[in-house]
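Top to bottom, those sequences are chains A and B. Mapped onto my numbering, the consecutive letters of the first sequence carry residue numbers 1 to 397. Mapped onto my numbering, the consecutive letters of the second sequence carry residue numbers 1001 to 1397.
There are 2 protein chains.
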Amino acid sequence: MMMAESVGLRRSRNADSVRRRNLSAVLTLVHRKRSLSRSSLTTLTGLNRSTVAALVAELVLRGLVVESEPSTNSRVGRPSPVVQPDPRVVAFAVNPEIDAITVGLVGLSGTMVKRVRHELERSPTVTEAVGIASEIIGQIRAGFDGSALVVGVGMALPGLVRDRDGVVRLAPHLGWVDEPVAGLLEAATGYRVVGGNDARLGANAERLFGAGRGVRDLVYLNGGASGIGGGVIVDGTPLRGVEGYAGEFGHTLVTGRSARDAAGSRGSLELEVTRDELLRVLRMNGADPDELERALVASTSAEVRIEVRRQLDFLGIALGNAVNILNPELVVLGGFLGALFSVDGEYLESKVAEYSLPAAYAGMRMARAQLGSDILMIGAAELAFAPILADPANGGE
Amino acid sequence: MMMAESVGLRRSRNADSVRRRNLSAVLTLVHRKRSLSRSSLTTLTGLNRSTVAALVAELVLRGLVVESEPSTNSRVGRPSPVVQPDPRVVAFAVNPEIDAITVGLVGLSGTMVKRVRHELERSPTVTEAVGIASEIIGQIRAGFDGSALVVGVGMALPGLVRDRDGVVRLAPHLGWVDEPVAGLLEAATGYRVVGGNDARLGANAERLFGAGRGVRDLVYLNGGASGIGGGVIVDGTPLRGVEGYAGEFGHTLVTGRSARDAAGSRGSLELEVTRDELLRVLRMNGADPDELERALVASTSAEVRIEVRRQLDFLGIALGNAVNILNPELVVLGGFLGALFSVDGEYLESKVAEYSLPAAYAGMRMARAQLGSDILMIGAAELAFAPILADPANGGE
DNA sequence: GGTAATTTGTTGGCTAAGCAAACATATTAG
DNA sequence: CTAATATGTTTGCTTAGCCAACAAATTACC
Chain A
1 MMMAESVGLR RSRNADSVRR RNLSAVLTLV HRKRSLSRSS LTTLTGLNRS
51 TVAALVAELV LRGLVVESEP STNSRVGRPS PVVQPDPRVV AFAVNPEIDA
101 ITVGLVGLSG TMVKRVRHEL ERSPTVTEAV GIASEIIGQI RAGFDGSALV
151 VGVGMALPGL VRDRDGVVRL APHLGWVDEP VAGLLEAATG YRVVGGNDAR
201 LGANAERLFG AGRGVRDLVY LNGGASGIGG GVIVDGTPLR GVEGYAGEFG
251 HTLVTGRSAR DAAGSRGSLE LEVTRDELLR VLRMNGADPD ELERALVAST
301 SAEVRIEVRR QLDFLGIALG NAVNILNPEL VVLGGFLGAL FSVDGEYLES
351 KVAEYSLPAA YAGMRMARAQ LGSDILMIGA AELAFAPILA DPANGGE
Chain B
1001 MMMAESVGLR RSRNADSVRR RNLSAVLTLV HRKRSLSRSS LTTLTGLNRS
1051 TVAALVAELV LRGLVVESEP STNSRVGRPS PVVQPDPRVV AFAVNPEIDA
1101 ITVGLVGLSG TMVKRVRHEL ERSPTVTEAV GIASEIIGQI RAGFDGSALV
1151 VGVGMALPGL VRDRDGVVRL APHLGWVDEP VAGLLEAATG YRVVGGNDAR
1201 LGANAERLFG AGRGVRDLVY LNGGASGIGG GVIVDGTPLR GVEGYAGEFG
1251 HTLVTGRSAR DAAGSRGSLE LEVTRDELLR VLRMNGADPD ELERALVAST
1301 SAEVRIEVRR QLDFLGIALG NAVNILNPEL VVLGGFLGAL FSVDGEYLES
1351 KVAEYSLPAA YAGMRMARAQ LGSDILMIGA AELAFAPILA DPANGGE
């Protein structure tokens, strides 16, 4: 059993796994493209016309997709019906933070249906977070007309999350240690709840619907108020590691301090590259990402310019190392790292070039994150959609 | 077509791909285990008895495996025939180095059949390397009795290799730049030739037949005379990156020097952690790995102890970063890095613990590489075996 | 405006391949 | 020597994708 895994065989590969794979392929395509003609499904999957017709029919029967009249502006030939995710299929997304808990309702098309942000006076305990989230979920649920199919709840958690069971091993900013958040919310709501690290979910969201569409190998780094998180997509799949902790770029050592002077700080990326320091040199307190970016771009202060370059130097080291190790096609920068990139992307690129192998650097490009504030909602919902996308016939159980 | 890829669908998933997958699963298991009863194939694959019988029969017919009498010491019940790789199925492995070119003949069971090391006065040009390799291959070929099935040639190359076409982008120690080595050897021998970075092939070999058996996420680092190479296995698959350059840990920045004093060296791992420096403090010139290790362990010199710790400090930083980013289950150290680990593994572990997140470190262990000098031969041959393992029915073309 | 070309949907029969069940066989247990 | 057990072997069943023929809906073009 363990050995079967080691050959790379996931499930049974008996005859009916073919059906499962094909249903999954079709549903996944519809999910990602949001709208698609049946004929393009045929070309994209490489399956026979008649087979695709049968697959789509089954998905319609299961209430996962809807088929509608062909679009008018078509080419020569018989028009092909349009296939879209059934709007009744939804997932909840939950994102607890220091100052708020956000709950969203996301459709199978990857679009936000509803979004509720509950502001907080102080950082919530696990019990509070679960209580508030389940209450909001209950409210939204009460508004359903009965036809909705909720596939589950995905949680974007700011910390180390063991993805097997959604236990938060450590969320320093929330002060959570070894908290079975997913399990608690599951008990409170009755839905299946899956948790994941916020930045890793963001990486996946950017790959599916943002700057990384169609890219199979990318590195995503996000700069937030509480530090730097990241995620890696390898060959189209989010990198997990053994227990789901992969992608912690924030703790990469980027200076020799620790090795040199024992008294110094650890010299990790997220100690050197911080939003707070940018705000300080800009003489601002707290700002939303756009505001920060405008101020950075507008600033003519030498102090600001120097600080930006200092931070870009360190970011360049971390990215250079990442490029050497992972040889990605794309590096996506989100949060205030995106702002830094906007301010002086060329300088950052020159630094990455300096610290990475020419061949690896040559195959790479950089981009800002495209998804805005919905990114974590979409990423979290993706967790909840995953089972049904992988196995549309039995994904519910 | 590109999009089909982005859904994670490799080939066609029509009905006969099931057969391909199952044949591949069986042959891969036989390849890895070397010897296996048919009944254990049934349990390991999860397929039906009769299906496995048919699959094995087809593989026998194609000359890829042999079935033999059941082993005598069996349990209750009808004994099950033993399935093994057909010994006639072989691959050539080629490893050009500064001072020698090694050619090996490796069986489908992953064992060395023959090995020829051709010593050189000076570093070979590409033409020389290809010439020598193809001549040795010709000689070995001449000794075949005609029944041998050569699936191809795998090359372990000390440098950056674009794995799509086996072009060496840069092999600093050999002085090769943008050399289509694989193509040249293919033309010279008529066999299909595939090339890969030596350390990455080593990582795969260790995973299949060495310290990493059964492990799905591992990081491998090898220390050689010419630097430090590495490879990463993610979820059971070697990490490639876009063009196959992933795993270049040697160039990881482990000091802040470059950012601090522009005059200093780059401060990369392989500039700080070197075999030459160990040899220098040991007052040795050139030594085989075992000799170096014995000397290191035996030495009581303070200078040696200090240098070992200095190198372990840097190695600890690089590994700590790697652990944070990749969250591996196992770190395997080969070459003189294995020797360093033997000398003071506990110190290295303490350093890795210091630079990595506790949760990620807790899930990890370290080990020495197990495969000796055959590692590159086995890893390279694996490249040649890959097509036939993936598609036993048509892997030849 | 009518016919041809084109593309796609629909239907019915075919085939590949895994599965299940019944039976056969070779071993150990006692 | 018989029972228990595990596995090989054989036969027919079922699933599901494919193909080919035909139908339908659109554009192209005279």
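Every residue gets a Cβ at the ideal spot worked out from N, C-alpha and C, and that includes glycine.
Here A/Val-94 is not near A/Leu-105, since their CB atoms are 7 Å or more apart.
Using a 10 angstroms sphere on the CB of A/Pro-172, the tally of other CB atoms stays under 16, which defines it as exposed. Here the C-alpha atom of A/Pro-238 lies approximately 28 Å from the C-alpha atom of A/Ser-134.
Residue pairing for A/Tyr-220: DSSP places it in a beta bridge opposite A/Gly-231, A/Val-332. By the criterion of at least three beta-carbon pairs nearer than 8 Å, the segment 1067-1081 of chain B is not in contact with the segment 1136-1147 of chain B. If you look at B/Glu-1179, you'll find it in the beta strand (DSSP E) that goes 1176-1179. As the crow flies, the alpha-carbon of A/Ala-188 is around 45 Å from that of A/Arg-49.
Residue-level contact by beta carbon holds for A/Ala-246 and chain B, with a gap shorter than 7 Å. Here A/Ser-68 is exposed. Its C-beta has fewer than 16 other C-beta atoms within 10 Å. For the pair A/Val-66 and A/Arg-38, the CB atoms are not nearer than the 7 Å cut-off. Taking the Cα positions, A/Gly-241 is about 6 Å away from B/Pro-1328.
Contact check for A/Ala-384 and A/Ala-91: beta-carbon distance about 4 Å, within the 8 Å limit, so the pair qualifies. Annotation: A/Ser-74 is outside any alpha helix (DSSP H) and is labelled neither H nor E by DSSP.
Minimum Cα-Cα distance from A/Val-126 among the listed residues A/Val-103, A/Phe-144, A/Pro-180 corresponds to A/Pro-180.
Taking CB atoms only, B/Asp-1217 has a neighbour in chain A less than 7 Å away. Counted as a single uninterrupted DSSP element, the beta strand (DSSP E) harbouring B/Asn-1197 occupies residues 1193-1197. DSSP, read as helix, strand or coil, puts A/Gln-84 in strand.
Rounded to whole angstroms, the separation of the alpha carbons of B/Arg-1283 and B/Glu-1206 is 32 Å. Secondary structure note for A/Phe-92: its beta strand (DSSP E) is the uninterrupted segment 89-96. For the segment 1309-1321 of chain B, the residues whose beta carbon sits under 8 Å from a beta carbon of chain A are, in order, Asp-1313, Phe-1314, Ile-1317, Gly-1320, Asn-1321. In the structure shown, B/Ala-1156 adopts extended strand secondary structure according to DSSP, grouped into three states. Around the beta carbon of A/Val-232, 16 or more other beta carbons lie within 10 angstroms, which makes this residue buried.
Below the 9 Å Cβ cutoff, chain B contributes Gly-1241, Val-1242, Glu-1243 as neighbours of A/Glu-329, in chain order. About 4 Å separates the beta carbon of B/Gly-1154 from that of B/Ala-1380, a gap short enough to meet the 8 Å contact definition. A straight line joining the alpha-carbon of A/Leu-218 with that of A/Asp-198 spans about 16 Å. Beyond the five residues adjoining it in sequence on each side, B/Tyr-1347 comes within less than 6 Å, by CB distance, of Leu-1312 in the same chain, given in chain order.
In this structure, the alpha-carbon of A/Leu-59 lies about 49 Å from that of B/Ser-1074. Nearest CB-CB separation between B/Leu-1059 and chain A: not below the 7 Å threshold. Contact residues of the segment 343-360 of chain A toward chain B are Tyr-355, Leu-357, Ala-359, Ala-360 (C-beta to C-beta distance below 7 Å). Fully enclosed alpha helix (DSSP H) runs of no fewer than 4 residues occupy 1336-1355, 1358-1362 of the segment 1311-1372 of chain B, in order along the chain. Around B/Arg-1169, the beta-carbon contacts reaching into chain A at under 8 Å are Ala-359. When the five nearest sequence neighbours on each side are left out, the beta carbons in the same chain lying within less than 7 Å of the beta carbon of B/Leu-1371 are those of Ala-1205, Glu-1206, Phe-1209, Gly-1210, Ile-1378, in order along the chain. Measuring C-alpha to C-alpha distances from B/Leu-1253 to each of A/Ala-287, A/Asn-324, A/Leu-160, A/Pro-87 identifies A/Asn-324 as the nearest. In this structure, the alpha-carbon of A/Glu-248 lies about 44 Å from that of B/Val-1089. If you look at A/Ala-171, you'll find it in the beta strand (DSSP E) that goes 167-171. Think of a sphere of 7 Å around the beta carbon of A/Leu-160: the chain B residues whose beta carbon falls inside it are Leu-1357, Ala-1359, in chain order.
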